[in-house]
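Taking the numbering used here, I'd label the letters of the sequence shown as residues 6 to 127.
Built from N, CA and C at the ideal position, the CB exists for glycine as well.
It should be emphasised that the depicted structure is a prediction, and the values quoted were computed from it without experimental measurement.
To start, the structure itself, in structure tokens.
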Amino acid sequence: MVTTIIEPESVLSTSPYKSDDPGQGNWITTDQYLAVLPSAFERAVSFFERNKEEIEKAFSGKFIAIYGNSILDSDTDFSELARRVYEQCGYTSIYMPFVGHKPVMHFRSPRLSNRRRNESQS
Numbered sequence: 006m007v008t009t010i011i012e013p014e015s016v017l018s019t020s021p022y023k024s025d026d027p028g029q030g031n032w033i034t035t036d037q038y039l040a041v042l043p044s045a046f047e048r049a050v051s052f053f054e055r056n057k058e059e060i061e062k063a064f065s066g067k068f069i070a071i072y073g074n075s076i077l078d079s080d081t082d083f084s085e086l087a088r089r090v091y092e093q094c095g096y097t098s099i100y101m102p103f104v105g106h107k108p109v110m111h112f113r114s115p116r117l118s119n120r121r122r123n124e125s126q127s
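Shown next, in the form of structure tokens:
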């Protein structure tokens, strides 16, 4: 395994990861650098949360596909959206939430309805 050593000054100033190895100085390994970077999926979730109001205004009632900090596509049909996005980007982690509120459906349980009926007849 080859470990590449990098020294991007902007990353070092913001990264909580600086090397503890006195022989490396301020150098960090690629693995250490990647450990502090959020995944594209985590960035997408964060992007959605930060921009929720604007996204709800523009895409209410639809599923949206977010990769990193970009909305790639939207559709009312999740399967069609997923098909298009994966066809375009390949199979990768893409955040596809529903925007807005899904209606809550209430159903009576047949078992409870029968029990109540029996109780009322007693």
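Query: What are the start and end residues of the beta strand (DSSP E) that includes SER79?; Result: 75-80
Query: The beta strand (DSSP E) with PHE68 in it runs from where to where?; Result: 68-72
Query: Which residue from GLU54, SER65, ASP80 puts its Cα closest to that of GLY73?; Result: GLU54
Query: In whole angstroms, what is the alpha-carbon distance linking LYS107 and GLY66?; Result: 8 Å
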